[in-house]
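The listed protein sequences derive, respectively, from chains A and B. Residue numbering for the first sequence follows my numbering, beginning at 1 and increasing consecutively. Residue numbering for the second sequence follows my numbering, beginning at 1001 and increasing consecutively.
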Amino acid sequence: MRIEDIPLVMLKCLVLTILIESLIALLIGYRKKDIINVILVNAITNPLVTSIPIFFNVFYSVKARNISLLILEIITLLFEGFIYSKVLKKKTINPFALSLILNASSYGLGLIINGM
Amino acid sequence: MKKILLFIISLMVLVPNIVLADMGAPMVRPYEAEVTNPDGAVIYENSNNQYTPTSKKIDYGQTLTVDMEEDGYIWVSLDEDNISGFISIKDVTVTDDSLKDIWLGEKVDGLVLVDSEIKKGPSDAYKSTGDTINAGTKVTVRRINDTSTPWVYIEYNGKKGYANSYEGAIVYKWEESKEHLIPYEREIRTLVKDGYSEANIVGKIPAYTIIKDPYFTDGWSYSMYIDYNGEKGFIYNMTAIKNSGNYKLIKNSDIHESIESDSKVIGKLDAGYIFKDPFIYEDHGECAVFYESEDKKIKGWITYLWDEENEPIKKIDDQGNVVEESTTTKVTNNKEKDKEIKLSKKDYVIMCVIVATSVSLTAIVTAILVNKKNKKAVSNEEIKN
Chain A
1 MRIEDIPLVM LKCLVLTILI ESLIALLIGY RKKDIINVIL VNAITNPLVT
51 SIPIFFNVFY SVKARNISLL ILEIITLLFE GFIYSKVLKK KTINPFALSL
101 ILNASSYGLG LIINGM
Chain B
1001 MKKILLFIIS LMVLVPNIVL ADMGAPMVRP YEAEVTNPDG AVIYENSNNQ
1051 YTPTSKKIDY GQTLTVDMEE DGYIWVSLDE DNISGFISIK DVTVTDDSLK
1101 DIWLGEKVDG LVLVDSEIKK GPSDAYKSTG DTINAGTKVT VRRINDTSTP
1151 WVYIEYNGKK GYANSYEGAI VYKWEESKEH LIPYEREIRT LVKDGYSEAN
1201 IVGKIPAYTI IKDPYFTDGW SYSMYIDYNG EKGFIYNMTA IKNSGNYKLI
1251 KNSDIHESIE SDSKVIGKLD AGYIFKDPFI YEDHGECAVF YESEDKKIKG
1301 WITYLWDEEN EPIKKIDDQG NVVEESTTTK VTNNKEKDKE IKLSKKDYVI
1351 MCVIVATSVS LTAIVTAILV NKKNKKAVSN EEIKN
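Put into structure tokens, the structure is as follows:
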């Protein structure tokens, strides 16, 4: 990847993550207002989770990138769970569990897409 | 309590995997390598680009993760042994050949000038594929999208792999290869493995020769590879590049003998003259447009500084109207100039982080507003009921 491609790659990550997680949320039974919140939450977290590890990779090392990614992912899971607990109308699933499910889903599909 | 425990266990199991999948911005991948020099790998210190051996060594068989490689040395840091420094790439061999994350550029035509060993990865630390491509072979080249490396990916007759194009061992066509006009008589030099100043002169190419679609190497100066009447070699790559379209001279101008603005004036050209597909030279803001009279008796240059207000020529459309965007601002035949204009790698990354933060903040604000609106709507409904 050229350094110039970073914005495009970040955009692709964001769009894919939003698409996948919205779809899964729909399948689980969430509807319009909750889906909008899922999209917004991912728009908050995803750009930072993608760009900050790149920063660490370029300025420090791959090790630093991996550590930052791990920390950011944990923070993201907790943050998203917290936000879902506050904003989602549908309360059938534990918001933190929902955060886990949605992020794990984007992992699985991300693997498939990367494999392609 | 049980739920919290389950959640933590799930986190520990799933997060590492999520981290893997969420790495949507792969870089040129670091690789695992093993010290294969039986005497171990000497640690070097780098001071002012000089590598000086120290008394420390990394033992034979030690596995390392290589994420930075430069000038044939790799940076290593082993916390457990309190060792950090550089080791020679020749002392290690890559242990993991899978290279999914190396991003390659478009396929372009290439030419091998020196017998090249094909490796499994873009470094001398990788094992050979067992193939060698002989000098003179035309190949397909894909550059690695990390412009600091001379390693390229090549394909030929079923053979695939990476080879080192350093010092013109392999040349290839830039995606933007165009017609070039040589402004001065130039020496044709062999560059391969000799370095620019030590390279032999094998011939000369006269001024005003037009070169079509040449090969390039990734060197700075002597980087254009040509075959001129059987004389093959590299020439200094500062040339006038052909710009397609019509350009109008908007002010009376002197015709100079050469691209130098202080060179002898050999004629004058009136405003209104139309250049068709002119050759334009540009070097650090000093520009020149090639002029040749119809009878070909006068050959010279209209010189000017790269400055929109000062440019004596403007691109025009078929109706003779000036096209707003001046293509002379896009003329670069000097890759150094491109690098001067662009942000440094680190500044670019910082800019991306800033943009990402802005997107996140915008999303936060939007989320607050959306949910506030929803809350209002819900409370209005409740009041109505």
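Glycine is no exception: its CB is placed at the ideal position from the N, C-alpha and C atoms.
Show which residues of chain A have a CB atom less than 7 Å away from the CB atom of residue i.
i: I1364(B); result: I44
i: D1359(B); result: Asp is not the amino acid found at residue 1359(B); the sequence shown has Val there. Near V1359(B) (Cβ distances below 7 Å), the residues of chain A are A43 and P47.
i: V1353(B); result: S51, I52 and F55
i: A1169(B); result: By Cβ distance, chain A contributes nothing, its closest Cβ being about 23 Å from A1169(B), past 7 Å.
i: A1041(B); result: Per Cβ cutoff of 7 Å: no residues; A1041(B) is ~19 Å from chain A at best.
i: S1199(B); result: Residue identity check: residue 1199(B) is Ala in the sequence provided, not Ser. By Cβ distance, chain A contributes nothing, its closest Cβ being about 30 Å from A1199(B), past 7 Å.
i: A1240(B); result: What A1240(B) touches in chain A: nothing, since even the nearest Cβ is about 27 Å away.
i: A1125(B); result: Near A1125(B) there are no residues of chain A at all, since even the closest Cβ is about 16 Å away, more than 7 Å.
Mind reading off the beta-carbon distance from residue i to residue j? Whole number of angstroms is fine, and I expect it under 8 Å.
i: V1094(B); j: A1135(B); result: In fact, because the Cβ distance is near 26 Å, the residues do not count as touching under 8 Å.
i: E1185(B); j: P1214(B); result: Incorrect: roughly 17 Å between the Cβ atoms, too far for contact.
i: I1087(B); j: I1074(B); result: 6 Å
i: L1111(B); j: V1171(B); result: 5 Å
i: S105(A); j: E21(A); result: 7 Å
i: V1370(B); j: I6(A); result: The Cβ separation is near 29 Å, so there is no contact.
i: K1173(B); j: V1108(B); result: 5 Å
i: P47(A); j: R65(A); result: Wrong, their Cβ atoms sit about 16 Å apart, outside the cutoff.
i: G1300(B); j: I1226(B); result: In fact, because the Cβ distance is near 24 Å, the residues do not count as touching under 8 Å.
i: T1190(B); j: G1230(B); result: Not quite, the Cβ-Cβ distance comes to about 14 Å (not below 8 Å), so this is no contact.
i: E1032(B); j: T1052(B); result: No, E1032(B) and T1052(B) are not in contact; Cβ-Cβ is about 27 Å, not under 8 Å.
i: G1161(B); j: T1129(B); result: 5 Å
i: I1188(B); j: I1259(B); result: Wrong, their Cβ atoms sit about 20 Å apart, outside the cutoff.
i: P1150(B); j: T1239(B); result: Rounded, the Cβ-Cβ distance is 22 Å, inconsistent with contact.
Using the beta-carbon of each residue, which ones in chain B are nearer than 7 Å to residue i?
i: V87(A); result: N1371
Residues of chain A with CB under 9 Å from residue i, in chain order?
i: V1349(B); result: I3, I6, S51, I54, F55, N57, V58 and F59
i: A1033(B); result: Within 9 Å Cβ-Cβ: nothing; A1033(B) doesn't reach chain A, min ~13 Å.
i: A1288(B); result: Those within 9 Å of A1288(B) in chain A number zero; the least Cβ separation is about 30 Å.
i: A1207(B); result: Result: empty, since nearest Cβ-Cβ is about 36 Å, beyond 9 Å.
Note down, in chain order, every chain B residue with its Cβ under 8 Å from the Cβ of residue i.
i: N36(A); result: Correcting the residue identity first, residue 36(A) is Ile in this sequence and not Asn. V1370, listed in chain order.
i: L102(A); result: Within 8 Å Cβ-Cβ: nothing; L102(A) doesn't reach chain B, min ~10 Å.
Which partner residues does residue i have in the DSSP bridge list?
i: Y1304(B); result: C1287(B)
i: R1186(B); result: I1205(B)
i: W1151(B); result: N1164(B)
i: V1171(B); result: L1111(B)
i: P1122(B); result: Bridge partners of P1122(B): none, in fact.
i: M1224(B); result: F1216(B) and I1235(B)
i: V1035(B); result: V1092(B)
i: V1355(B); result: BP columns for V1355(B) are empty, so no partner.
i: F1275(B); result: Y1247(B)
i: K1268(B); result: D1254(B)
i: L70(A); result: According to DSSP, which records beta bridges pairwise, L70(A) is partnered with nothing at all.
i: A1041(B); result: I1058(B)
i: L1064(B); result: A1033(B)
i: P1053(B); result: Y1044(B)
i: A1240(B); result: L1181(B) and Y1281(B)
i: K89(A); result: According to DSSP, K89(A) bridges with nothing at all.
i: E1117(B); result: T1132(B)
i: R1143(B); result: V1152(B)
Taking Cβ positions only, does residue i come closer than 7 Å to chain C?
i: L40(A); result: This model lacks chain C altogether; the protein chains it does include are A and B.
Practice item. Pair every Cβ in the region 38-45 of chain A with every Cβ in the region 80-100 of chain A, then say whether three or more of these pairs are closer than 8 Å. Key: Remark: three or more beta-carbon pairs, one from each stretch, lie closer than 8 Å, so the region 38-45 of chain A and the region 80-100 of chain A are flagged as touching.
Check your understanding: Taking a cut of 7 Å between CB atoms, which residues from the region 1262-1281 of chain B lie near chain A?
Key -> Contacts with chain A (Cβ-Cβ distance below 7 Å) from the region 1262-1281 of chain B involve no residue at all.
**Study point:** Members of the region 7-22 of chain A near chain B, C-beta cut-off 9 Å
**Key:** The region 7-22 of chain A vs chain B, Cβ under 9 Å: P7, V9, M10, K12, C13, L14, L16 and T17.
Review point. Quick one, which residues of the region 1130-1142 of chain B are near chain A if we go by CB-CB under 7 Å, in chain order?
Key: Within the region 1130-1142 of chain B, contact with chain A at the beta-carbon level (separation under 7 Å) is assigned to no residue.
Exercise for review: Could you say if the region 65-78 of chain A and the region 10-18 of chain A meet the contact criterion of at least three C-beta pairs nearer than 8 Å?
Suggested key: Too few Cβ pairs lie closer than 8 Å, so no.
Check your understanding: Counting Cβ pairs, one atom from each stretch, are 3 or more of them under 8 Å apart for the region 1247-1254 of chain B and the region 1269-1282 of chain B?
Key -> Contact between the region 1247-1254 of chain B and the region 1269-1282 of chain B is present, because at least three Cβ pairs lie under 8 Å.
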